[in-house]
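Visitor:
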Amino acid sequence: MTVRSKRSDLAAAALTLLLAWLVIYPIVIVAADAAHPSALRDFFTRPGEWAALWASIWISLVSVILAAAIGIPLAFLFEWFDFPGRKTLGALIALPVVLPPLVGVIAFLFLYGESGFIARAVQSLLHLQNAPWRLQGAVAILLVHAYSMYVYFYLFTRAGLAKLDVSMLEAAQALGADRRATLWRVIVPLLRPSLVGAAILTFMTALGSFSAPYIFGGGFRVMTTQIVATKLNGDLPLAMVETVALALVAVAGLAILRRTEGDDILVALGKGIAPRPRPIRRASVRWLAAGAGWGLAVLLLLPHLTLALVSLVPYGAWTTEVLPPVINFDNYRRLFSETERLRPLWNSLWMASASTAVAVVIALVGGWLVVRRRVALRRAIEALLALPWALPGTVFAIALAITFSVHAPLQLRFVLVGTAVILPLAYLVRALPLTGRGVLAAYRQLDPSLEEAAASLGAGRWRTLARVTLPQLRPGLAAGASLAFVAALGDIVASIVLYTYETRPVSIEILSSLRLAETGVAAAFGVVLMLVSAVVLGVGARR
Amino acid sequence: MSAFLQIQAIEKRWAHDVTIGPISLDIARGEILALLGPSGSGKTTMLRLLAGFETADGGRIAVASEDVTTVPPAQRRFGMVFQHYALFPHLDVGENVGFGLQGRGKGDEGRVEQKISEALALVDLAGYERRKVQELSGGQQQRVALARALAPEPRILLLDEPLSNLDPALRERTRHELREVIKRVGITTVFVTHEQEEAFDLGDRIAVLNQGRLEQSGAPDDLYEHPVNLFVATFVGRANVFRGKAARALGANGKGVLVVRPERLRFGAAGLPGVVRERRYIGAAAFFVVESDDQERFEVMAEPDAAKVGERVYVEATRVIAL
Numbered sequence: 033m034t035v036r037s038k039r040s041d042l043a044a045a046a047l048t049l050l051l052a053w054l055v056i057y058p059i060v061i062v063a064a065d066a067a068h069p070s071a072l073r074d075f076f077t078r079p080g081e082w083a084a085l086w087a088s089i090w091i092s093l094v095s096v097i098l099a100a101a102i103g104i105p106l107a108f109l110f111e112w113f114d115f116p117g118r119k120t121l122g123a124l125i126a127l128p129v130v131l132p133p134l135v136g137v138i139a140f141l142f143l144y145g146e147s148g149f150i151a152r153a154v155q156s157l158l159h160l161q162n163a164p165w166r167l168q169g170a171v172a173i174l175l176v177h178a179y180s181m182y183v184y185f186y187l188f189t190r191a192g193l194a195k196l197d198v199s200m201l202e203a204a205q206a207l208g209a210d211r212r213a214t215l216w217r218v219i220v221p222l223l224r225p226s227l228v229g230a231a232i233l234t235f236m237t238a239l240g241s242f243s244a245p246y247i248f249g250g251g252f253r254v255m256t257t258q259i260v261a262t263k264l265n266g267d268l269p270l271a272m273v274e275t276v277a278l279a280l281v282a283v284a285g286l287a288i289l290r291r292t293e294g295d296d297i298l299v300a301l302g303k304g305i306a307p308r309p310r311p312i313r314r315a316s317v318r319w320l321a322a323g324a325g326w327g328l329a330v331l332l333l334l335p336h337l338t339l340a341l342v343s344l345v346p347y348g349a350w351t352t353e354v355l356p357p358v359i360n361f362d363n364y365r366r367l368f369s370e371t372e373r374l375r376p377l378w379n380s381l382w383m384a385s386a387s388t389a390v391a392v393v394i395a396l397v398g399g400w401l402v403v404r405r406r407v408a409l410r411r412a413i414e415a416l417l418a419l420p421w422a423l424p425g426t427v428f429a430i431a432l433a434i435t436f437s438v439h440a441p442l443q444l445r446f447v448l449v450g451t452a453v454i455l456p457l458a459y460l461v462r463a464l465p466l467t468g469r470g471v472l473a474a475y476r477q478l479d480p481s482l483e484e485a486a487a488s489l490g491a492g493r494w495r496t497l498a499r500v501t502l503p504q505l506r507p508g509l510a511a512g513a514s515l516a517f518v519a520a521l522g523d524i525v526a527s528i529v530l531y532t533y534e535t536r537p538v539s540i541e542i543l544s545s546l547r548l549a550e551t552g553v554a555a556a557f558g559v560v561l562m563l564v565s566a567v568v569l570g571v572g573a574r575r
Numbered sequence: 148m149s150a151f152l153q154i155q156a157i158e159k160r161w162a163h164d165v166t167i168g169p170i171s172l173d174i175a176r177g178e179i180l181a182l183l184g185p186s187g188s189g190k191t192t193m194l195r196l197l198a199g200f201e202t203a204d205g206g207r208i209a210v211a212s213e214d215v216t217t218v219p220p221a222q223r224r225f226g227m228v229f230q231h232y233a234l235f236p237h238l239d240v241g242e243n244v245g246f247g248l249q250g251r252g253k254g255d256e257g258r259v260e261q262k263i264s265e266a267l268a269l270v271d272l273a274g275y276e277r278r279k280v281q282e283l284s285g286g287q288q289q290r291v292a293l294a295r296a297l298a299p300e301p302r303i304l305l306l307d308e309p310l311s312n313l314d315p316a317l318r319e320r321t322r323h324e325l326r327e328v329i330k331r332v333g334i335t336t337v338f339v340t341h342e343q344e345e346a347f348d349l350g351d352r353i354a355v356l357n358q359g360r361l362e363q364s365g366a367p368d369d370l371y372e373h374p375v376n377l378f379v380a381t382f383v384g385r386a387n388v389f390r391g392k393a394a395r396a397l398g399a400n401g402k403g404v405l406v407v408r409p410e411r412l413r414f415g416a417a418g419l420p421g422v423v424r425e426r427r428y429i430g431a432a433a434f435f436v437v438e439s440d441d442q443e444r445f446e447v448m449a450e451p452d453a454a455k456v457g458e459r460v461y462v463e464a465t466r467v468i469a470l
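Top to bottom, those sequences are chains A and B.
Every number in the numbering used here is 32 more than the matching position in the first sequence, counting from 1.
Every number in the numbering used here is 147 more than the matching position in the second sequence, counting from 1.
As structure tokens, then:
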């Protein structure tokens, strides 16, 4: 044992304890407290509980199917065929990503809701007395999920297709396989890890989805909204049982989906060149594809445009007309001139920045210990960094709310609920898997001899870190950090459980603006979130 | 000849059954030493111990009588060229070469620039300062790595398989250029290789390592003509090993093992009888695989038309190594 490895073992132990305190301890406390006989009895006897649990499961499964049905064909179209506008459209099609969940939901509300543009147009076209439909219940939730989650299948499938080796397809053809056989016997098995990855991500996101069921659910409850409602009713013991139930469903779903993942080796084998996109030969088909592509892009962009338009409508100016009669920048002026309106924006920005910064530092230390020093606790550190991803945000929100509302320093519990610390802490927990994965992947690809070369050239530890390690980790780090920042900036799941008036973030302000029928202000906030998210994600994706 | 770099009973234990050393070697100022051995022989570990990337479990390393055994790599002033060069991809050629110059806080900007261009000129890449390292060919990258290692004027130069990343056509030329640059700078050099030809061509002296032990060290001729054991005899150059009756037929007295190089065997009128089984033509000569009566196979290098496949021959040795 050298001094160096002793010191890194010590650092690893400290990091493991810190992470365990952040991501496991609160869950353990909730699980222990949930073993409360009367709450358990309530949970098992009330039919509403089972209905919500079942709704969560089937909504998530159908979301996976819908997202796959849209995302996979699109990925094949854009990766394999060439038509006018392919590159631009291929980028546009990922646009739903820049809409934070709540913002996407209110955009849908303004667009397809009962007083949205589409409903108004139909109503005036057909001279109806009332709105032609109400956007509510499971259908509305699934619509939003399909819109925002097909991107996972689209991006994962495209990445998988890009990794395919063209010589493998040629080998299949040389062995006498026709197109159909090549697809089913070569391409699909090779794509399986990508497809399962997308399915897992979609399932977990749908299971943890809160905004869509909260806004559109009405009487239709899923587990996330049920938990928050129960907590708001003051029935904490029951909320804890519900939280544990949701966590169990998440873990079970993850475990089942993981089993279908197969070997990553299959993909790693293919080192060759991906097939080049084939131009569509028949002119009519080519233009049809291009037309359909652009039509789709407009459809995908409609929520963004709607949001922008609604944000320009001053309060009370739009009543029964199909299109708003007045548009100006009043809402933005109010947003940036009134301190009380500016505060949530400022809150969201600093809390997201702080949580991302800490998550980056933890990921860097973790990456160094796991990959470089290969400490004995490396598996534990890696698992702890990834764990928050496996559980819905609501679970952590409730767990943190319960753990940190008690003053018991000997149990490492402090009263943080109601302070400015609790929300950044909750965001941090959610950010860890994102920065952790980015940094670990980048660290694994980083040739250790680069750091040794710096040392042999006389560079000390800090100069090596600043001049060699960080510049090399930058792409992975930036990708992870930008995702973490955007998630924290638009967060509603943790915020709605843990905010105080002083620390309210933008999402909460959007909800209260909606409640006061100030749709313009809500939309303006949404536009700001959307723009900041787009810029941050754009910077983070730069190579 | 006094030793400039002294390696004294250096030892590294990976697990209790995998041990490198203890190995002792003295390297003179300006000498080029090759560490030659198969994979897993501990040659790379030796190099990393010298560089300071691994800490020794025993023994001592000294440069010009200064003990550097526990000096960290950054303060050791040993230059290193890595197997895959480890050029910093985010820096250009000039910044790569200048990396080791800025850290030591000596000299002004102009002096650093001048040193960079001197180092690049040394490896015949003058004017390449602002090129991206990804744009360079493998051979050019190798030279940038060399210039980068030499720029801070290290006391010792270490090279890890310096030519393994180049294609064979380029390898021989680069080898000569590399030796020429090292000799011009006059720096004491240790390099690792698993190729005997490379060790012979580049090294003044060769240390043969096997399973963590130093088998023999000496000049190329020495190793080839006077190997101390069977491992060195067979690892360094082609060798036929004869035992028992076959050995006696070639002139061995006693029970020892006889090692004969293929070019030291020839077809004659008497000697060891056998049948030619294969002929491999290599241009100037041919290798004949001969099977003796006790089913032992060995190689004879001779004129291309010296024998035919299937022919019964007698083989005699012009020079043997008795072990």
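All residues carry an ideal CB built from backbone N, CA and C; glycine is no exception.
1. Give me the chain A residues within the contact set of P309/B, using Cβ-Cβ distance strictly less than 9 Å, ordered along the chain.
2. Determine the DSSP secondary structure at L173/B, reduced to helix, strand or coil.
3. Could you name the residues of the same chain whose beta carbon sits closer than 6 Å to that of G136/A, not counting the 5 residues immediately before and after it, in chain order?
4. Report the rounded CA-to-CA distance for I468/B versus V406/B, giving the unit in angstroms.
5. Need the endpoints of the alpha helix (DSSP H) that T338/A sits in, please.
6. Does the beta carbon of D479/A come closer than 8 Å to any beta carbon on chain B?
7. Note down, in chain order, all residues in the segment 481-505 of chain A with a beta-carbon under 9 Å from any beta-carbon belonging to chain B.
8. Would you say the segment 231-243 of chain A touches the segment 180-194 of chain A, given that touching needs at least three Cβ pairs under 8 Å?
9. Can you list the residues of chain A that A221/B reaches, using a CB-CB cut of under 9 Å?
10. Does DSSP put L233/A in a helix, in a strand, or in coil?
11. Is it a yes or a no for the segment 136-148 of chain A touching the segment 160-171 of chain A, going by three-plus beta-carbon pairs under 8 Å?
12. I'd like to know whether the C-beta of R295/B is nearer than 8 Å to at least one C-beta of chain A.
13. For Q153/B, which residues does DSSP report across the bridge?
14. Grouping DSSP H, G and I as helix and E and B as strand, with all else coil, what is L301/A?
15. Count the other C-beta atoms from every protein chain shown that fall within 10 angstroms of the C-beta of I429/B, then say buried if there are 16 or more, exposed otherwise.
16. Given a cut-off of 8 Å on the beta-carbon distance, is the pair S3/A and L546/A in contact?
17. I want to see whether chain A comes within less than 8 Å of E198/B, judged by CB atoms only; does it?
18. How about V529/A and K263/A: do their beta carbons lie closer than 8 Å?
19. Any beta carbon from chain A within less than 8 Å of H231/B's own beta carbon?
20. Count the other CB atoms, across all protein chains shown, that sit within 10 Å of the CB of R536/A; report buried if there are 16 or more and exposed otherwise.
21. Return the residue from the list A287/A, L509/A, V330/A, G325/A that minimises the CA-CA distance to V228/A.
22. Exposed or buried, which one is K190/B when buried takes at least 16 other CB atoms within 10 Å?
23. Note down the Cα distance separating H323/B from G257/B, rounded to an integer number of angstroms.
24. To the nearest angstrom, how far is the alpha carbon of L298/A from that of T292/A?
25. I'd like the list of long-range same chain contacts for W53/A, defined as Cβ closer than 7 Å, with 5 residues on each side in sequence excluded.
26. So G206/B packs on E158/B, CB below 8 Å; how close in whole Å?
27. Going by the CB atoms, is the gap between G403/B and L474/B shorter than 8 Å?
28. If we count the other Cβ atoms within 10 Å of its Cβ and call it buried at 16 or more, is I413/A buried or exposed?
29. Could you check the C-alpha separation between A354/B and A386/A for me, to the nearest Å?
30. Helix, strand or coil for S188/B, going by three-state DSSP, please let me know.
31. Check each candidate in P456/A, Q161/A, N363/A, V500/A and name the one with the smallest Cα separation from M5/A.
32. Does the CB of F235/B have a neighbour CB from chain A at under 8 Å?
33. Helix, strand or coil for L197/B? Go by DSSP, reduced to three states.
34. Leaving out five residues before and five after L193/A in sequence, what residues of the same chain have Cβ atoms less than 6 Å from its Cβ?
35. Comparing the CB of L51/A with every heavy atom of the ligand NAD, is any distance shorter than 7 Å?
36. Can you pull the chain A residues whose beta carbon is under 9 Å from the beta carbon of G226/B, in chain order?
Guide: So, from the listed chains and residues:
1. Stepping through the second sequence from its first residue, residue 309/B is reached at position 162. The premise fails here: P309/B is roughly 13 Å from chain A at the closest Cβ pair, so nothing lies under 9 Å.
2. Working through the second sequence from its first residue, we reach residue 173/B at position 26. Just to set this straight, residue 173/B is Asp in the shown sequence, not Leu. Strand, per DSSP.
3. Start at 1 with the first residue of the first sequence, and residue 136/A comes out as number 104. So the list reads S180, once near-sequence residues are dropped.
4. Counting from one through the second sequence, the residue named residue 468/B turns up at place 321. Counting from one through the second sequence, the residue named residue 406/B turns up at place 259. Here the C-alpha atom of I468/B lies approximately 5 Å from the C-alpha atom of V406/B.
5. Reading the first sequence from its first residue, position 306 is the one you call residue 338/A. That run of the alpha helix (DSSP H) goes 315-342.
6. Numbered from 1 along the first sequence, position 447 holds the residue referred to as residue 479/A. Output row for D479/A: interface = yes.
7. For the segment 481-505 of chain A, which is checked against every Cβ of chain B, the residues closer than 9 Å are S481, L482, E483, E484, A485, A486, A487, S488, L489, G490, A491, G492, R493, R495, T496, R499, V500, P503, Q504.
8. Taking a cut-off of 8 Å on C-beta distances, the segment 231-243 of chain A touches the segment 180-194 of chain A, as three or more cross pairs fall below it.
9. Taking the second sequence and counting its residues from 1, the one referred to as residue 221/B is at position 74. Contacts between A221/B and chain A, judged by CB atoms closer than 9 Å, involve A486, A487, S488, L489, G490, A491, G492, R493, R495, T496 in chain order.
10. Here residue 233/A refers to the residue found at position 201 when the first sequence is read from its first residue. It is helical.
11. The segment 136-148 of chain A and the segment 160-171 of chain A touch, with no fewer than 3 CB-CB distances between them shorter than 8 Å.
12. On the second sequence, position 148 is the one that residue 295/B refers to. Chain A has a Cβ within less than 8 Å of the Cβ of R295/B.
13. Translated into the one-based positions of the second sequence, residue 153/B becomes position 6. In the DSSP output, where bridge partners are listed per residue, Q153/B has D173/B, A209/B.
14. Looking up residue 301/A in the first sequence gives position 269. Because L301/A sits at a pLDDT of 47, beneath the cut-off of 50, its placement in the model cannot be relied upon, and the following sentence gives the value as read from the coordinates. Of the three classes helix, strand and coil, the one that applies to L301/A here is helix, per DSSP.
15. Position 282 of the second sequence, counting from 1, holds the residue named residue 429/B. So I429/B ends up on the exposed side.
16. Past the edges of chain A, shown from 33 to 575, lies residue 3/A, and the structure says nothing about it.
17. Position 51 of the second sequence, counting from 1, holds the residue named residue 198/B. Looking at the sequence shown, residue 198/B is not Glu but Ala. Judged by the 8 Å Cβ criterion, A198/B is in contact with chain A.
18. Counted from its first residue, the first sequence places residue 529/A at position 497. Counted from its first residue, the first sequence places residue 263/A at position 231. It is a contact, given that the beta carbons lie within the stated cut-off.
19. On the second sequence, residue 231/B is found 84 positions in, with the first residue counted as 1. Residue-level contact check: H231/B touches chain A, since one or more beta carbons of chain A fall below 8 Å from its beta carbon.
20. In the first sequence, residue 536/A corresponds to position 504, counting from 1. So R536/A ends up on the buried side.
21. By one-based count along the first sequence, residue 228/A stands at place 196. That would be A287/A, whose Cα lies nearest to the Cα of V228/A.
22. As a position in the second sequence, residue 190/B is number 43, starting the count at 1. Looking at its Cβ environment, which holds 16 or more other Cβ atoms inside 10 Å, K190/B is buried.
23. Start at 1 with the first residue of the second sequence, and residue 323/B comes out as number 176. Start at 1 with the first residue of the second sequence, and residue 257/B comes out as number 110. If you take the alpha carbons of H323/B and G257/B, they lie about 32 Å apart.
24. Counting from 1 along the first sequence, the entry for residue 298/A is found at position 266. Counting from 1 along the first sequence, the entry for residue 292/A is found at position 260. Per-residue confidence for L298/A stands at a pLDDT of 46, beneath the threshold of 50, marking its modelled position as unreliable; no derived number is given.
25. Taking the first residue of the first sequence as 1, we reach residue 53/A at position 21. The residues are L444.
26. Walking along the second sequence from the start, residue 206/B turns up at place 59. Walking along the second sequence from the start, residue 158/B turns up at place 11. Indeed, because the Cβ distance is near 5 Å, the residues count as touching under 8 Å.
27. Outside the modelled stretch of chain B, which goes from 148 to 470, sits residue 474/B, for which no answer is possible.
28. What you label residue 413/A is simply residue 381 of the first sequence in a count that begins at 1. I413/A comes out buried.
29. Along the second sequence, one-based indexing puts residue 354/B at 207. Along the first sequence, one-based indexing puts residue 386/A at 354. Taking the straight line joining both Cα atoms gives about 56 Å.
30. Locating residue 188/B in the second sequence gives position 41, counting from the first residue. Note: S188/B maps to coil in three-state DSSP.
31. Residue 5/A falls outside the range modelled here, since chain A spans only 33 to 575, and no answer is possible.
32. One-based indexing of the second sequence puts residue 235/B at position 88. Taking Cβ atoms only, chain A reaches closer than 8 Å to F235/B, which makes this a yes.
33. Counted from its first residue, the second sequence places residue 197/B at position 50. L197/B: helix per DSSP, three-state reduction.
34. Working through the first sequence from its first residue, we reach residue 193/A at position 161. E111, listed in sequence order.
35. For the ligand NAD, the structure offers nothing, since it holds no ligand at all.
36. Residue numbering aside, residue 226/B sits at position 79 when the second sequence is read from its first letter. Close to G226/B, with beta-carbon spacing below 9 Å, are these residues of chain A in chain order: S488, L489.
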